[in-house]
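Peer 1:
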Amino acid sequence: MLLRAVVGVLLTVVLLGLAAKRGLFLFTLVDTGKAAVGRTKNAPRRVEAEATEVLGQRKLLKWAVPGVAHVFAFWGFLVLGLTILEAYGALFVADFAIPVVGSWAIVGFLEDLFGVLVLVGIGLFAIIRLTNNPAKEGRASRFFGSHTRGAWLILFMIFNVVWTLFLYRGAQAALGNLPFESGAFFSDWVGSWFSGLSEETLVIVETVGIWLQIGVVLVFLLIVLHSKHLHIATAPVNVYTSRRPDALGPLLPIYYKGAPVNFEDPPDDALFGKGHISDFTWKNYIDFMACTECGRCQSQCPAWNTGKPLSPKLLIMDLRENLFASAPYLEAGRLFDKYQGKQAEPGELIPEALAYVSPEVQGEVQRPFIGSREGSEHAGDDGYTFDGHRTTGLDLPIIDEAALWSCTMCGACVNQCPVDIEHIDHIADMRRNQVMIASDFPSELNGMFKNIE
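In my numbering, the protein residues as written are 1400 to 1852.
(1) Given this structure, state the Cα-to-Cα distance separating G1810 from L1734, to the nearest angstrom.
(2) Three Cβ pairs or more, each shorter than 8 Å: is that satisfied between the region 1567–1582 and the region 1640–1654?
(3) Taking the alpha helix (DSSP H) that D1511 falls in, what are its first and last residues?
(4) With a cut-off of 8 Å, do at least 3 Cβ pairs link the region 1714–1733 to the region 1674–1690?
(5) Does the beta-carbon of V1413 have 16 or more other beta-carbons within 10 angstroms, so that it is buried, or is it exposed?
(6) Do W1804 and P1767 count as a contact pair if the criterion is CB distance below 7 Å?
(7) How close, in whole Å, do the beta carbons of N1532 and D1819 come, if the pair is a contact with beta carbons under 8 Å?
(8) Using beta-carbon positions only, say whether G1569 and S1586 come within less than 7 Å of one another.
(9) Three-state secondary structure (DSSP) at G1657?
(10) Contact check, D1678 vs I1797 under 8 Å by CB: the rounded distance?
(11) When you compare each of Q1612, Q1699, P1666, A1404 to F1890 by their alpha carbons, which one comes out closest?
(12) Out of G1520, I1749, L1409, A1493, which one is the CA nearest neighbour of W1474?
(13) Which residue's Cα is closest to the Cα of K1627: G1672, S1545, T1680?
(14) Have a look at P1666 and G1672 and give me their C-alpha separation to the nearest angstrom.
(15) Which residue's Cα is closest to the Cα of R1438: E1852, A1827, T1680?
(16) Taking the straight line between their C-alpha atoms, what separation do you get for V1515 and N1441?
(17) Taking just the CA atoms, how far does A1468 sit from I1526?
(18) Measuring CB to CB, does L1713 end up less than 7 Å from A1702?
(19) Helix, strand or coil for D1839 per DSSP?
(20) Drop a sphere of 10 angstroms on the beta-carbon of M1808, count the other beta-carbons inside from all chains shown, and report buried for 16 or more, exposed for fewer.
(21) Can you give me the C-alpha to C-alpha distance between F1424 and H1630, rounded to a whole angstrom?
(22) From which residue to which residue does the alpha helix (DSSP H) around R1403 run?
(23) Can you give me the start and stop residues for the alpha helix (DSSP H) that V1578 sits inside?
(24) In chain order, what are the residue ranges of uninterrupted beta strand (DSSP E) at least 3 long that sit wholly in the region 1797–1823?
(25) Across which residues does DSSP place G1770 in a beta bridge pair?
(26) Thinking just about the alpha-carbon of each residue, which of V1560, I1823, D1511 is nearest to the one in G1648?
(27) What whole-angstrom Cβ distance do C1806 and I1836 have, given they're in contact under 8 Å?
(28) Among I1676, E1692, G1762, whose alpha-carbon lies nearest the alpha-carbon of K1433?
(29) Which residues bound the alpha helix (DSSP H) around P1644?
(30) Please list, in chain order, all residues of the same chain as T1427 whose beta carbon is under 7 Å from its beta carbon, the five residues on each side excluded.
(31) Just verifying my parser: in three-state terms, what is the DSSP assignment at K1673?
(32) Measuring straight from C-alpha to C-alpha, what distance separates L1409 and D1430?
(33) Could you give the DSSP three-state label for T1633: helix, strand or coil?
(34) Thinking just about the alpha-carbon of each residue, which of D1668, A1754, I1622 is nearest to the one in A1418?
(35) If distances are taken between C-alpha atoms only, which option among P1758, V1604, P1443 comes closest to T1640?
(36) Could you pull out every residue in the same chain whose Cβ sits closer than 6 Å to the Cβ of A1448, ignoring the five residues on either side in sequence?
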């Protein structure tokens, strides 16, 4: 038991330490964003959204088969959280049971049931990805541009979580250490396959199974924190802090120090729209991190479906990639602001922060933010191959202006997004900057502006 406990604790300390380091980096990065107004008001409505969209998976269930698969995986991991506690308890006490509910047959049944349902969900996800393979379907696949290899890695890790769970629980069942007298049907079935093993061998199997379970779960956590599956952590926050308007809602006003800008007498240092990654708010950053690359927005976008270069998904992915690539500059800028009071003027960068980072980061930070990709071999695919590998370099803008102005503002992307990303607000803010600051917009708009005047 001592060796079992020592190895389990060491695994936890090392892997949780790495996870905590990554978590602190992400929190600090979000904290570099500009202030966002009114994102926590009307708490009852936000709690309702958490209940219906996060726990109830309402938006995901608009698509039956993928929705059911995700419900199995989501609720499976909530319920299987109990088994993680049981694994840690078994490091120290052979017949450990969670206080009060730990020996209830219904708890054992639900743990095993959702373990099996997670496996069913994995199978459904695999079928969905094989039948919507972007390598074959091209732009018609909603996964075009998504990181498909990373998705397969996640499915493999989820499978590892489940089989290691049933490995140690099966050994516990054979040893008589499973805290449930009945209910844990699948664990009991696995245990029946171990019935011919000696007690010493069963203890070894149980110990190795517990180590594997803890190790796989913590490695899975690390992968989540470094991948698009970060939405597991950010989606609930994003849903809670979303706008929650009636219907599509109006465009957000331009704010200055927490209040809408008075355009009769605008402040000289007011920021009009978004013309650089450092112009976005902390809520915008969470939006970018919450993207699951599921492609529901892309599949419903009228611009994408008529051959135009705009994909709401790829636009968010471009912003996210630029955010992470610019992170050293953003964090340096936050420190110079906090301790030396140095702030960037609208449309400018902080020279001290720029000098602090590597040449590679400087190149990413100073890339044209919005511009033309005309003439580039990647102009039509937003700079991504079918599997999410970025093909554009530092010579091309982060956002293709042709994609930016292809948006019809219909709101289909926002309506479909299961994690409440606000694509329209980002597009509108970048357009505002193009019009009011850069004076760079399609010539077709000149007539409209003259009529408005």
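Even for Gly, the Cβ is constructed at its ideal location relative to N, Cα and C.
Peer 2: Taking the structure as given:
(1) Translated into the one-based positions of the sequence shown, residue 1810 becomes position 411. Translated into the one-based positions of the sequence shown, residue 1734 becomes position 335. The alpha-carbon atoms of G1810 and L1734 are separated by roughly 37 Å.
(2) no
(3) Residue 1511 sits at position 112 when you count from the first residue of the sequence shown. 1504–1530 is the span of the alpha helix (DSSP H), which, as asked, contains D1511.
(4) yes
(5) As a first step, residue 1413 is located in the sequence shown; it is residue number 14 there, counting from the start. Exposed, by the Cβ-count rule.
(6) As a first step, residue 1767 is located in the sequence shown; it is residue number 368 there, counting from the start. As a first step, residue 1804 is located in the sequence shown; it is residue number 405 there, counting from the start. No. Outside cutoff.
(7) Counting from 1 along the sequence shown, the entry for residue 1532 is found at position 133. Counting from 1 along the sequence shown, the entry for residue 1819 is found at position 420. Not quite, the Cβ-Cβ distance comes to about 28 Å (not below 8 Å), so this is no contact.
(8) Position 170 of the sequence shown, counted from the first residue, corresponds to residue 1569. Position 187 of the sequence shown, counted from the first residue, corresponds to residue 1586. In contact: G1569 and S1586 (Cβ atoms closer than 7 Å).
(9) Sequence index remark: in the sequence shown, residue 1657 carries index 258 (1-based). If DSSP states are grouped into helix, strand and coil, G1657 belongs with coil.
(10) As a position in the sequence shown, residue 1678 is number 279, starting the count at 1. As a position in the sequence shown, residue 1797 is number 398, starting the count at 1. At roughly 12 Å, the Cβ-Cβ gap does not stay under 8 Å, so D1678 and I1797 are not in contact.
(11) The chain is shown from 1400 up to 1852; residue 1890 falls before or after that span and cannot be answered.
(12) Position 75 of the sequence shown holds residue 1474. When only C-alpha atoms are compared, the closest one is G1520.
(13) Start at 1 with the first residue of the sequence shown, and residue 1627 comes out as number 228. It is S1545 whose Cα lies nearest to the Cα of K1627.
(14) For the purposes of this step, residue 1666 is taken as residue 267 along the sequence shown, with counting starting at 1. For the purposes of this step, residue 1672 is taken as residue 273 along the sequence shown, with counting starting at 1. The alpha-carbon atoms of P1666 and G1672 are separated by roughly 14 Å.
(15) As a working note, residue 1438 is residue 39 in the sequence shown. Considering only alpha carbons, the answer is T1680.
(16) On the sequence shown, position 116 is the one that residue 1515 refers to. On the sequence shown, position 42 is the one that residue 1441 refers to. Rounded to whole angstroms, V1515 to N1441 spans 39 Å at the Cα level.
(17) What you label residue 1526 is simply residue 127 of the sequence shown in a count that begins at 1. What you label residue 1468 is simply residue 69 of the sequence shown in a count that begins at 1. When the Cα atoms are used, I1526 and A1468 turn out to be separated by approximately 11 Å.
(18) Along the sequence shown, one-based indexing puts residue 1713 at 314. Along the sequence shown, one-based indexing puts residue 1702 at 303. No, the pair does not count as a contact, with Cβ atoms beyond the cut-off.
(19) Along the sequence shown, one-based indexing puts residue 1839 at 440. If DSSP states are grouped into helix, strand and coil, D1839 belongs with coil.
(20) Locating residue 1808 in the sequence shown gives position 409, counting from the first residue. It is exposed - the Cβ of M1808 has fewer than 16 other Cβ atoms within 10 Å.
(21) Here residue 1424 refers to the residue found at position 25 of the sequence shown. Here residue 1630 refers to the residue found at position 231 of the sequence shown. Taking the straight line joining both Cα atoms gives about 16 Å.
(22) As a first step, residue 1403 is located in the sequence shown; it is residue number 4 there, counting from the start. Per DSSP, R1403 belongs to the alpha helix (DSSP H) from 1401–1430.
(23) Here residue 1578 is taken as the residue at index 179 of the sequence shown, counted from 1. The residue you asked about is not Val; residue 1578 is Pro in the sequence shown. Where P1578 is concerned, there is no enclosing alpha helix (DSSP H), given that its DSSP letter is neither H nor E.
(24) none
(25) In the sequence shown, counting from the first residue as 1, residue 1770 sits at position 371. Its beta-bridge partners are D1799.
(26) Along the sequence shown, one-based indexing puts residue 1648 at 249. Out of V1560, I1823, D1511, I1823 has the C-alpha closest to the C-alpha of G1648.
(27) In the sequence shown, the residue the question calls residue 1806 occupies position 407. In the sequence shown, the residue the question calls residue 1836 occupies position 437. Their Cβ separation, rounded to whole angstroms, is 19 Å, which puts C1806 and I1836 out of contact at 8 Å.
(28) Taking the sequence shown and counting its residues from 1, one reaches residue 1433 at position 34. When each option's Cα is compared against that of K1433, the closest is I1676.
(29) Counted from its first residue, the sequence shown places residue 1644 at position 245. Element bounds for P1644: n/a, residue is neither H nor E.
(30) The residue you call residue 1427 lines up with position 28 of the sequence shown. Closer than 7 Å at the Cβ level, and outside the excluded window around T1427, lie E1730.
(31) If you number the sequence shown from 1, residue 1673 lands on position 274. Residue state, collapsed to three classes: coil.
(32) Indexing the sequence shown from 1 puts residue 1409 at position 10. Indexing the sequence shown from 1 puts residue 1430 at position 31. Approximately 31 Å, taken between the alpha carbons.
(33) Taking the first residue of the sequence shown as 1, we reach residue 1633 at position 234. Helix at T1633.
(34) As a first step, residue 1418 is located in the sequence shown; it is residue number 19 there, counting from the start. Checking every option, the nearest Cα to that of A1418 belongs to I1622.
(35) Position 241 of the sequence shown, counted from the first residue, corresponds to residue 1640. The shortest Cα separation from T1640 among P1758, V1604, P1443 belongs to P1443.
(36) Stepping through the sequence shown from its first residue, residue 1448 is reached at position 49. Excluding sequence neighbours, A1448 sits near V1638.
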